[in-house]
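A.B. asks: Protein chains in written order, with the numbering used here: chain H, 1 to 243; chain Z, 1 to 243. The beta carbon of each residue, even a glycine, is placed where N, CA and C say it ideally should be. Let me begin by handing over the structure; questions about it come next.
Protein chains: 2
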Amino acid sequence: MSSSIIGKLEALHPLPEDDKRLLHAVVGRGRTLKVGEHIVREGDHTDIVHVMLEGQGYRYKTLPDGKRQIIGYLVPGDFCDLYSFLLDKMDHGMAARTVCQVAELTEEHILMLTARPALARALWWSELVNAAILREWLVNMGRRTPSARVAHLLCELLVRLQVVGHASAHGFKLELSQAELADTVGLTTVSVNRALQRLRGAGLIRQTSREITIPDVAALKRAAQFDPRYLHFRQAREDGGCV
Amino acid sequence: MSSSIIGKLEALHPLPEDDKRLLHAVVGRGRTLKVGEHIVREGDHTDIVHVMLEGQGYRYKTLPDGKRQIIGYLVPGDFCDLYSFLLDKMDHGMAARTVCQVAELTEEHILMLTARPALARALWWSELVNAAILREWLVNMGRRTPSARVAHLLCELLVRLQVVGHASAHGFKLELSQAELADTVGLTTVSVNRALQRLRGAGLIRQTSREITIPDVAALKRAAQFDPRYLHFRQAREDGGCV
DNA sequence: CGACCGATTGACTTGATTCAATTTCGGTGG
DNA sequence: CCACCGAAATTGAATCAAGTCAATCGGTCG
Numbered sequence: 001m002s003s004s005i006i007g008k009l010e011a012l013h014p015l016p017e018d019d020k021r022l023l024h025a026v027v028g029r030g031r032t033l034k035v036g037e038h039i040v041r042e043g044d045h046t047d048i049v050h051v052m053l054e055g056q057g058y059r060y061k062t063l064p065d066g067k068r069q070i071i072g073y074l075v076p077g078d079f080c081d082l083y084s085f086l087l088d089k090m091d092h093g094m095a096a097r098t099v100c101q102v103a104e105l106t107e108e109h110i111l112m113l114t115a116r117p118a119l120a121r122a123l124w125w126s127e128l129v130n131a132a133i134l135r136e137w138l139v140n141m142g143r144r145t146p147s148a149r150v151a152h153l154l155c156e157l158l159v160r161l162q163v164v165g166h167a168s169a170h171g172f173k174l175e176l177s178q179a180e181l182a183d184t185v186g187l188t189t190v191s192v193n194r195a196l197q198r199l200r201g202a203g204l205i206r207q208t209s210r211e212i213t214i215p216d217v218a219a220l221k222r223a224a225q226f227d228p229r230y231l232h233f234r235q236a237r238e239d240g241g242c243v
Numbered sequence: 001m002s003s004s005i006i007g008k009l010e011a012l013h014p015l016p017e018d019d020k021r022l023l024h025a026v027v028g029r030g031r032t033l034k035v036g037e038h039i040v041r042e043g044d045h046t047d048i049v050h051v052m053l054e055g056q057g058y059r060y061k062t063l064p065d066g067k068r069q070i071i072g073y074l075v076p077g078d079f080c081d082l083y084s085f086l087l088d089k090m091d092h093g094m095a096a097r098t099v100c101q102v103a104e105l106t107e108e109h110i111l112m113l114t115a116r117p118a119l120a121r122a123l124w125w126s127e128l129v130n131a132a133i134l135r136e137w138l139v140n141m142g143r144r145t146p147s148a149r150v151a152h153l154l155c156e157l158l159v160r161l162q163v164v165g166h167a168s169a170h171g172f173k174l175e176l177s178q179a180e181l182a183d184t185v186g187l188t189t190v191s192v193n194r195a196l197q198r199l200r201g202a203g204l205i206r207q208t209s210r211e212i213t214i215p216d217v218a219a220l221k222r223a224a225q226f227d228p229r230y231l232h233f234r235q236a237r238e239d240g241g242c243v
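Okay, structure coming up:
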């Protein structure tokens, strides 16, 4: 269960065995959430840190007129709200998109973890990556075509899921509705549908019921202008990007 | 010079007098940057932390096809890259939009500052606000109309500049070209121009050469669906928003 | 089998972009 | 002080792409 966390953090910074054992002990096996269940609501205060162990979730904001914008995906290994005991109120909500296992850590747990220099550094780094993802998403929405936006998102998910062992070299389980995709990339479902069609038509992706296959990852990355360096994973840092 | 930093950090968390004195001593008066000069380039490594003392800058990313997306504004009091010595390479660039004074702090300076609990907390908090701004911008680009996007940006700048004493109750110096606005909100200059016209037509803003006036701030906030709580400033936390 | 949800489609509308002037404005130099 | 220059703002017309609306298709689950 906690292997995804270790996978992710080690992608950022190597960890001593002791730290991994501590992580394992602190995290436990987590609570099960049903599809659609909230992890934290907008405006809530919580002093618990949630960690996604299995399954996927998303961060979102709701507009006064009811529209929704998804502002992040939570994949296994992600710390959802490392800073929750600092904030009085969450400025966004988080919900389970699939059935999830979520660990709930207290401030004491976090202090135990951050007392270890390597862990503290890896956690700090993971927050930097969260911010980097937001910046890249901004570029995505601001300056890319619909198909490139969708392609970029798929590339990002591929890499993030690979790091935690939830994606193969050429694809992953896609449990995203087109409506969610639309609320993520700032388009309508119809446009997302057509963007996916274009990607399929160009042979860049292949979709079966709930699985997505990327026959030529480099080609999709090119189409998406995807440069994995923003994720700051160690491999990506060494490859030096794909654009 | 360092009063803007103190203003900003105190808007997040109260600081003891000693901490303010330390800040003042550490920051000094900064280096002067010319318009357009880079603070840090994309891909650079730096182990200096830059702090905006006077003037304004922006964060940006460049796309392979030459397009640019502005992903943040730097106003007086902002720490530009608090995490720079962690990162090997900046995933985005930062440049001066006006003549600026920028302080350059070393890792030792930062360690001195973060050794003080109140300062550490305020700095940590300022990073949370940076992330919150990115999330709000994502909502802006994804789900708001052109005029609301522009209006929202203006509201945000108003509040952020007010906190550091660079805006009055009803306006501020606007040194933003329409091209920069366009690269910020994901539109073309023409669309931005028309969005501004609509806002002016509705009496929500008034522009003279390099100054923007907002006759009825609440009205503009309403039009922009601007809820200042995401900035997590202490006043805003107490008001409880305007939507 | 029928209800339902999500994906898909087509026709139409709306609104943003593109392109190419034209105007405005601040600053410059005569 | 005024004419001129260049950058930025503004405009209009034509184009094109995304949104809207509404219907249909496909599969899943009671």
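Mind listing which residues of the region 131-149 of chain Z have their C-beta closer than 7 Å to chain H's C-betas, in chain order?
C.D. replies: From the region 131-149 of chain Z, only ALA131, ALA132, LEU134, ARG135, TRP137, LEU138, VAL139, MET141, GLY142, ARG143 have a Cβ closer than 7 Å to chain H.
A.B. asks: Please report the distance separating the alpha-carbon of THR32/Z from that of ILE5/H.
C.D. replies: Residue numbering aside, residue 32/Z sits at position 32 when the second sequence is read from its first letter. Residue numbering aside, residue 5/H sits at position 5 when the first sequence is read from its first letter. Between THR32/Z and ILE5/H, the C-alpha separation is close to 44 Å.
A.B. asks: Give the single residue among ASP81/H, GLY36/H, GLN56/H, TYR83/H whose Cα lies nearest to the Cα of VAL164/H.
C.D. replies: Stepping through the first sequence from its first residue, residue 164/H is reached at position 164. Looking at the Cα atoms, GLN56/H is the closest of the given residues.
A.B. asks: State the beta-bridge partners of HIS50/H as determined by DSSP.
C.D. replies: As a working mapping, residue 50/H is identified with position 50 in the first sequence. In the DSSP output, where bridge partners are listed per residue, HIS50/H has GLU104/H.
A.B. asks: Take LEU266/H and list the residues in its own chain whose beta-carbon comes closer than 6 Å to its own, dropping the five residues that flank it on each side.
C.D. replies: Outside the modelled stretch of chain H, which goes from 1 to 243, sits residue 266/H, for which no answer is possible.
A.B. asks: Can you tell me whether LEU111/H is buried or exposed, with buried defined as 16 or more other CB within 10 angstroms of its CB?
C.D. replies: In the first sequence, counting from the first residue as 1, residue 111/H sits at position 111. Under this definition LEU111/H is an exposed residue.
A.B. asks: Measuring alpha carbon to alpha carbon, tell me which of VAL35/H, ARG41/H, SER2/H, GLY77/H ends up nearest LEU22/H.
C.D. replies: For this step, residue 22/H is matched to residue 22 along the first sequence. Closest by alpha carbon: SER2/H.
A.B. asks: Just to make sure I have the definition right: I need the residues of chain Z whose C-beta is within less than 8 Å of the C-beta of LYS67/H. Which are they?
C.D. replies: Here residue 67/H refers to the residue found at position 67 of the first sequence. Those within 8 Å of LYS67/H in chain Z are ARG143.
A.B. asks: Compute the Euclidean distance between the alpha carbons of GLN178/H and SER209/H, then round it to the nearest angstrom.
C.D. replies: Stepping through the first sequence from its first residue, residue 178/H is reached at position 178. Stepping through the first sequence from its first residue, residue 209/H is reached at position 209. Computed Cα separation, rounded: 13 Å.
A.B. asks: For a cutoff of 8 Å on Cβ pairs, would you count LEU86/Z as touching chain H?
C.D. replies: Within the second sequence, the letter at position 86 stands for residue 86/Z. By this cut-off, LEU86/Z is an interface position.
A.B. asks: List the residues of chain H that GLY186/Z touches, going by C-beta distances under 7 Å, in chain order.
C.D. replies: Residue 186/Z sits at position 186 when you count from the first residue of the second sequence. What GLY186/Z touches in chain H: MET141, GLY142, ARG143.
A.B. asks: For PRO146/H, collect the residues of the same chain with a Cβ closer than 6 Å to its Cβ; drop the 5 residues on either side in sequence, then sort them by chain order.
C.D. replies: Position 146 of the first sequence, counted from the first residue, corresponds to residue 146/H. Excluding sequence neighbours, PRO146/H sits near LEU187, SER191, ALA195.
A.B. asks: By a C-beta neighbour count over all protein chains shown, 10 Å radius and 16 as the cutoff for buried, is SER126/H buried or exposed?
C.D. replies: Mapped onto the first sequence, residue 126/H falls at position 126. It is buried - the Cβ of SER126/H has at least 16 other Cβ atoms within 10 Å.
A.B. asks: Hey, does HIS109/H have any beta-carbon neighbour from chain Z nearer than 8 Å?
C.D. replies: Here residue 109/H corresponds to residue number 109 of the first sequence, with the count starting at 1. No, its Cβ sits nowhere closer than 8 Å to a Cβ of chain Z.
A.B. asks: Can you name the residues of chain Z whose CB is closer than 8 Å to the CB of ILE71/H?
C.D. replies: For this step, residue 71/H is matched to residue 71 along the first sequence. By Cβ distance, chain Z contributes ARG135, LEU138, VAL139.
A.B. asks: Helix, strand or coil: how does DSSP classify GLY142/Z here?
C.D. replies: Here residue 142/Z is taken as the residue at index 142 of the second sequence, counted from 1. Correct three-state label for GLY142/Z: helix.
A.B. asks: Any contact of the region 83-99 of chain H with the region 24-39 of chain H, i.e. 3+ C-beta pairs under 8 Å?
C.D. replies: As far as the Cβ criterion goes, the region 83-99 of chain H touches the region 24-39 of chain H, which means the pair count is three or higher.
A.B. asks: Starting from the Cα of ASN152/H, find the closest Cα among LYS173/H, LEU12/H, VAL217/H, LYS8/H and give me that residue.
C.D. replies: Working through the first sequence from its first residue, we reach residue 152/H at position 152. With the sequence shown as reference, residue 152/H is identified as His, and Asn is not the correct amino acid for it. Of the listed residues, the one whose Cα sits closest to HIS152/H is VAL217/H.
A.B. asks: Would you check if the distance between the CB atom of LEU9/H and the CB atom of VAL129/H is smaller than 8 Å?
C.D. replies: Translated into the one-based positions of the first sequence, residue 9/H becomes position 9. Translated into the one-based positions of the first sequence, residue 129/H becomes position 129. Not closer than 8 Å, so no.
A.B. asks: For the candidate residues LEU105/Z, ALA115/Z, PHE226/Z, ILE133/Z, whose alpha-carbon lies nearest to that of PRO64/H?
C.D. replies: The sequence position of residue 64/H within the first sequence is 64, counting from 1. Considering only alpha carbons, the answer is PHE226/Z.
A.B. asks: Should LEU161/Z and ILE212/Z be called a contact, given that it needs their Cβ atoms to be closer than 8 Å?
C.D. replies: As a first step, residue 161/Z is located in the second sequence; it is residue number 161 there, counting from the start. As a first step, residue 212/Z is located in the second sequence; it is residue number 212 there, counting from the start. For LEU161/Z and ILE212/Z, no; Cβs fall outside 8 Å.
A.B. asks: Mind checking whether GLY77/Z and MET94/Z have CB atoms under 8 Å apart?
C.D. replies: Residue numbering aside, residue 77/Z sits at position 77 when the second sequence is read from its first letter. Residue numbering aside, residue 94/Z sits at position 94 when the second sequence is read from its first letter. Not in contact: GLY77/Z and MET94/Z (Cβ atoms no closer than 8 Å).
A.B. asks: Mind reading off the beta-carbon distance from ALA103/Z to LEU15/Z? Whole number of angstroms is fine, and I expect it under 8 Å.
C.D. replies: By one-based count along the second sequence, residue 103/Z stands at place 103. By one-based count along the second sequence, residue 15/Z stands at place 15. The Cβ separation is near 17 Å, so there is no contact.
A.B. asks: Would you mind telling me which residues of chain H sit closer than 9 Å to TYR230/Z, beta carbon to beta carbon, in chain order?
C.D. replies: Locating residue 230/Z in the second sequence gives position 230, where the first residue counts as 1. Within chain H, the residues near TYR230/Z are LYS61, ASP91, HIS92.
A.B. asks: Name, in chain order, the residues that DSSP records as bridge partners for PHE321/Z.
C.D. replies: In the structure as shown, chain Z starts at 1 and stops at 243, and residue 321/Z therefore has no counterpart that could be examined.
A.B. asks: Pick helix, strand or coil for LYS61/H, following the three-state DSSP scheme.
C.D. replies: Position 61 of the first sequence, counting from 1, holds the residue named residue 61/H. Strand.
A.B. asks: Below 8 Å between beta carbons is the criterion; list the residues of the region 171-182 of chain H that meet it against any residue of chain Z, in chain order.
C.D. replies: Cβ contacts with chain Z come from no residue of the region 171-182 of chain H.
A.B. asks: Quick one: is ARG200/Z buried, meaning 16 or more other Cβ sit within 10 Å of its Cβ, or exposed?
C.D. replies: The sequence position of residue 200/Z within the second sequence is 200, counting from 1. Exposed, since its Cβ has fewer than 16 Cβ neighbours within 10 Å.
A.B. asks: Which chain Z residues are close to TYR83/H, counting only those with a beta carbon under 8 Å from its beta carbon?
C.D. replies: Start at 1 with the first residue of the first sequence, and residue 83/H comes out as number 83. Per Cβ cutoff of 8 Å: TRP124, LEU128.
A.B. asks: Is the distance from the Cβ of TYR58/Z to the Cβ of TYR73/Z below 8 Å?
C.D. replies: The residue you call residue 58/Z lines up with position 58 of the second sequence. The residue you call residue 73/Z lines up with position 73 of the second sequence. Closer than 8 Å, so yes.
A.B. asks: Taking DSSP as the reference, what is the three-state secondary structure of ALA115/Z?
C.D. replies: Working through the second sequence from its first residue, we reach residue 115/Z at position 115. Reduced to three states, the DSSP call for ALA115/Z is coil.
A.B. asks: Looking at VAL40/H and ASP81/H, is the spacing between their C-beta atoms short of 8 Å?
C.D. replies: Start at 1 with the first residue of the first sequence, and residue 81/H comes out as number 81. Start at 1 with the first residue of the first sequence, and residue 40/H comes out as number 40. Closer than 8 Å, so yes.
A.B. asks: Between the Cα of ARG29/Z and those of ILE48/Z, LEU105/Z, TRP124/Z, GLY203/Z, spot the shortest distance and give me the residue it belongs to.
C.D. replies: Here residue 29/Z corresponds to residue number 29 of the second sequence, with the count starting at 1. The shortest Cα separation from ARG29/Z among ILE48/Z, LEU105/Z, TRP124/Z, GLY203/Z belongs to LEU105/Z.
A.B. asks: If I measure Cβ to Cβ from GLU107/H and keep anything under 7 Å in the same chain, skipping five residues before and after, which residues do I get?
C.D. replies: As a working mapping, residue 107/H is identified with position 107 in the first sequence. Once the five neighbours on either side are set aside, the close Cβ partners of GLU107/H are ASP47, PHE85.
A.B. asks: What residue range is occupied by the uninterrupted alpha helix (DSSP H) comprising HIS24/H?
C.D. replies: Position 24 of the first sequence, counted from the first residue, corresponds to residue 24/H. Segment 17-27, the alpha helix (DSSP H) holding HIS24/H.
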